[in-house]
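The numbering of the sequence shown is our numbering, which starts it at 271 and goes up by one. Here's the structure, in structure tokens; my notes come after.
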Amino acid sequence: MAESSLGFARFLTQTDTAGLCVLVILTAMSLLSWYLIASRLWQYATIRARNRAFIADFRRVDRPVDAERLRIATVGNNPFARLLNEGFLACQSLREAGRNSVRKTDGPGFELTSPDDYVSAALAHGVAREMRHLEKGMTPLASIASTAPFIGLFGTVWGIFHAMQAIALSAQASLDKVAGPVGEALIMTACGLFVSIPALLAYNAFARLNRNLGEDMECFAHAVFSLLGLGLTAGSVAPADSQAVELSGVTARTDMAKTEGVC
């Protein structure tokens, strides 16, 4: 019974250097994926808590000067605070330039010809930068999810190859002689799936969270533009509202004639 017992421990004693290397690689990939999952869950929980507090404070802002105080108090604290800071920095650049229009080329065929375009482009760049920051760690998760099953399959094929060699040398091909080595080799496939499935599920969940957060940041960028460029109160255009402020050129110029913003 002891000699015919199957299990992972016996597999470790029967495998060779290549099999052990596959196990080490899968173990390292598993540890890395769980570290990324845990760290990103903590990151999302922190961002969510800070965003809620910040949005609650932002919805109570009635004047740009109040938004300036909120920016100073929370700069760098969360993605929304950094977007608000980006809008104020753009307005500050316009005031320092002392001109009514800004002309800047950002690639072939793309020009900024007004303060509105300059501020909205700065906010768009801020959203893109925050999205790149949120996507850090996603590539390793995707790589682990896609490659771990094949690494495990390689270990299985390698194990079966050595099992067939042992059976050929012993000249015994009975079921009890074949089932043990082949079953032990299939452990590699199970290990690959054990590493791959959590990484795949986490990647899909994090991608959806990033997409939702990106949409919220775009809506918040509209609110910042409306506050700084159009002079609208933050509470009327905060991201939690069902209707976002449209930033078309005609609407922006028409409303700016009625209200006074800091830009």
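All residues carry an ideal CB built from backbone N, CA and C; glycine is no exception.
message = What does the Cβ neighbour count give for GLY422, buried or exposed, with the cut at 16 atoms within 10 Å?
response = buried
ask   = Near ASN480, what residues of its chain come up, given a Cβ to Cβ distance below 6 Å and the 5 sequence neighbours on each side ignored?
value = LEU404
query = In its own chain, which residues sit with a C-beta less than 8 Å from the C-beta of ASP327, not counting the 5 before and 5 after it?
reply = LEU340, THR344
message = Report the CB separation of LEU364 from LEU393 in whole angstroms; it is logged as a contact under 8 Å.
response = Going by Cβ atoms, the distance from LEU364 to LEU393 rounds to 13 Å, so no, they are not a contact pair.
ask   = For VAL465, does the count of other Cβ atoms within 10 angstroms reach 16, so buried, or fall short, so exposed?
value = buried
ask   = Can you tell which of GLY396, THR417, GLN313 has its C-alpha closest to the C-alpha of ALA298?
value = THR417
request  = For GLY407, collect the residues of the same chain with a Cβ closer than 7 Å to its Cβ; drop the 5 residues on either side in sequence, then sort them by chain order.
outcome  = LEU306, ARG310
Alpha-carbon to alpha-carbon, LEU301 and GLN435 = 33 Å
query = For the alpha helix (DSSP H) that GLY346 lies in, which residues bound it at each end?
reply = Note, GLY346: premise wrong, no alpha helix (DSSP H); not H, not E.
task = Determine the direct distance from the alpha carbon of ASP286 to that of THR316, and round the result to whole angstroms.
result = 45 Å
query = Taking DSSP as the reference, what is the three-state secondary structure of GLY289?
reply = helix
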